[in-house]
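Undergrad:
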Amino acid sequence: MSEHSERKRFYGAITVSERGQIVIPAEARRDFNIEVGEKLLVLGDLDHGLALIKASFYLEQHPGMFAMINGSETRDKNE
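Using this note's numbering, you'd call the opening residue of the sequence shown number 42 and step up by one each time.
1) What are the start and end residues of each continuous alpha helix (DSSP H) run of 4 or more residues lying completely inside the stretch 53–81, in chain order?
2) With H, G and I counted as helix, E and B as strand and the rest as coil, what does DSSP make of LEU87?
3) Whose CA, out of LYS49, GLN102 and GLU101, lies closest to the CA of ASP72?
4) Using the C-alpha atoms, what's the distance from HIS45 back to LYS118?
5) Under 8 angstroms Cβ to Cβ from ALA96, same chain only, skipping five residues before and after it: list those, please.
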């Protein structure tokens, strides 16, 4: 197995709740150091699917996006 493929993981299948919520498997949360209350971004590609990324990592790479991400908190609370 190549070094690249050893860094890939399958964490299992998840179910979307009636409210559109998902649970990230505990092993994935541990591997990626995802803490309770941490903000994640949901990115999408209509051909290939969804991806989650830590907002803190994304903001390090794209500091100008801070206002846009913080503005989404209002939408989160209203859903």
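The beta-carbon is built from N, C-alpha and C at its ideal position, and this holds for glycine as well.
All figures in this text were calculated on a predicted structure; none of them were measured in a lab.
TA: Taking the coordinates as given:
1) Assignment of alpha helix (DSSP H) within the stretch 53–81, counting only whole runs of 4 or more residues, yields 67–72 in chain order.
2) coil
3) That would be LYS49, whose Cα lies nearest to the Cα of ASP72.
4) Only weak support exists for where LYS118 lies, its pLDDT of 49 falling under 50; the coordinates are left without a value.
5) Cβ neighbours of ALA96 beyond the five flanking positions: GLU79, LYS80, LEU81, LEU82 and ILE110.
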